Structures are given as structure tokens and as C-alpha cells.
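The number in the numbering used here is simply the position in the sequence shown, starting from 1, with 1451 added. Structure record follows, encoded as C-alpha cells.
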Amino acid sequence: MSADRAAGILVRFSTAHRTLMTKLREMPPGAAQQQPADDHWSAAQLGCHVALTNDWIASVITGATPMAEPAPPDFRESFSGNTAPGMVKAFPTLQPPDLVSRDAALERLRASGQRMCKAIASLTPERGSGAVVVLPFGTLSLFELADYTASHVARHAAQAGRVMART
């Protein structure tokens, strides 16, 4: 079941990632850099933020960033990608630069997507369910963290589509 779980998460992540890359690639370079409002990111900045987040989460999943801990005995998975928090304030390290080109964002997304796919594929049942991370919105198993990432990318792909429609 858990190997199938990682494969399912990988499919969801890959689909959302491909959708975001396609939307960003289809935007004219100048339009991708336009911020819709002072407090909103441009489509290129969204792509850069997703890439930064993918890289960080991939490093947590693989253990390169030693943030995961053994799950407490009473831990029960309860996260659902459908109920992922929406407007969570991004950690400063996950915020994009003020100016980023469409092509730079696409390259960062491409590279981070590869790293994230490898990280998801590396999840064993023991590590995926038996290790947790504590985030501002809850404690997640590594399987749940990977699933959160797929939801995160899908949410920003939809947001990029809305930005694209306004340009």
C-alpha cells in the first residue's frame, strides 16, 4: 500500500508541476513578470516560490535538511491535500526575489521538480509514515508533506492561471 501511496503522490505532484510549467511557459515574458498588485506575486515569482518550496521540501524528505523526527507513538495521519491551508505566509527563505524572469523561474521549476520527484520516489513506507515534521499548520508525516507539496503546486498553478487571465 505505501509504495502505491508514494506513486500516487508522485503522479499528483508531476501533474500539478507540469500544469504550472505549461501555464508559465505560455505567458509572454513581460506579462509573466508583471505583478497584479503590490501585495501579490507575478506569475514568474509564483514559479520561483514553488521552486524554492520544492527544493526545501525535497531536502526535508531526503534528510539533507535534518528536520524530520520519528513519529510519536500516538501520531495518526490526518492531513488531506483538499484541506491544505491556503494563504500561509511563506517563510522568508521561500519568498521569491522582487524581480525574476519567466525563463529563470522556468529553469528553477524544472530543476526543483526533478529533485522533488526523486525525493518522493525515495520515500519508503517506514520513512514516509514513520517520520514527521512540525509545521506552523500541523504535524505531518513525510508522506503527508509530499502530498502537501502536490497540493501547494496545484494551488499555485491555478493562481498562475488567474494571473494569466488578467494580463
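Ideal placement from N, C-alpha and C gives every residue a C-beta, glycine not left out. Quick caveat: nothing in here was measured; it's all calculated off a predicted structure.
Span of the beta strand (DSSP E) around residue i
i     : result
L1586 : 1582–1586
L1591 : 1589–1592
Check whether residue i and residue j have beta carbons under 7 angstroms apart
i     : j     : result
R1456 : F1594 : yes
A1413 : A1597 : The chain is shown from 1452 up to 1618; residue 1413 falls before or after that span and cannot be answered.
R1563 : D1525 : Note that residue 1563 is Ser in the sequence shown, not Arg. Their beta carbons are not under 7 angstroms apart, which means S1563 does not touch D1525 by this criterion.
R1617 : P1480 : no
Selected residue, minimal CA-CA separation from residue i, among the options
i     : options                    : result
A1519 : G1498, Q1496, G1581, A1605 : G1581
L1461 : S1573, R1606, P1548        : S1573
G1514 : W1492, I1571, S1465, P1587 : I1571
P1543 : L1503, G1589, Q1484        : L1503
L1528 : T1575, G1589, A1488        : Residue 1528 is actually Glu in this sequence, not Leu. E1528 has its Cα closest to that of G1589, out of T1575, G1589, A1488.
V1604 : L1560, R1617, R1578, P1576 : L1560
L1586 : A1458, E1558, Y1599, Q1486 : Y1599
P1548 : A1509, V1501, P1480        : V1501
R1578 : I1512, R1606, Q1546        : I1512
Chain-order list of residues whose beta-carbon lies under 8 angstroms from that of residue i (same chain, five-residue window excluded)
i     : result
Q1610 : L1497
M1615 : K1474, E1477, M1478, A1482, A1494
A1522 : S1580, G1581, A1582, V1583, S1592
G1612 : K1474
L1557 : M1472, L1475, R1476, G1498
D1490 : none
Unbroken alpha helix (DSSP H) run spanning residue i, endpoints
i     : result
H1500 : 1494–1513
L1560 : 1553–1573
A1482 : 1480–1484
Same chain only: Cβ atoms within 7 angstroms of residue i, ignoring 5 sequence neighbours per side
i     : result
A1601 : I1460, R1463, F1464, A1467, G1532
P1546 : Residue identity check: residue 1546 is Gln in the sequence provided, not Pro. The answer, listed in chain order, is H1500.
Residue-chain proximity (residue i, chain D), Cβ-Cβ < 7 angstroms
i     : result
I1460 : Of the chains in the structure shown, none is chain D; there is only one protein chain.
Contact set for residue i: own chain, Cβ-Cβ below 6 angstroms, skip 5 residues either direction
i     : result
R1606 : none
M1452 : A caution first: M1452 carries a pLDDT of 44, below 50, which makes its placement in the model too unreliable to give a value.
Please determine if the region 1540–1554 and the region 1564–1577 are in contact, where contact requires at least 3 C-beta pairs separated by less than 8 angstroms. As far as the Cβ criterion goes, the region 1540–1554 does not touch the region 1564–1577, which means the pair count is below three.
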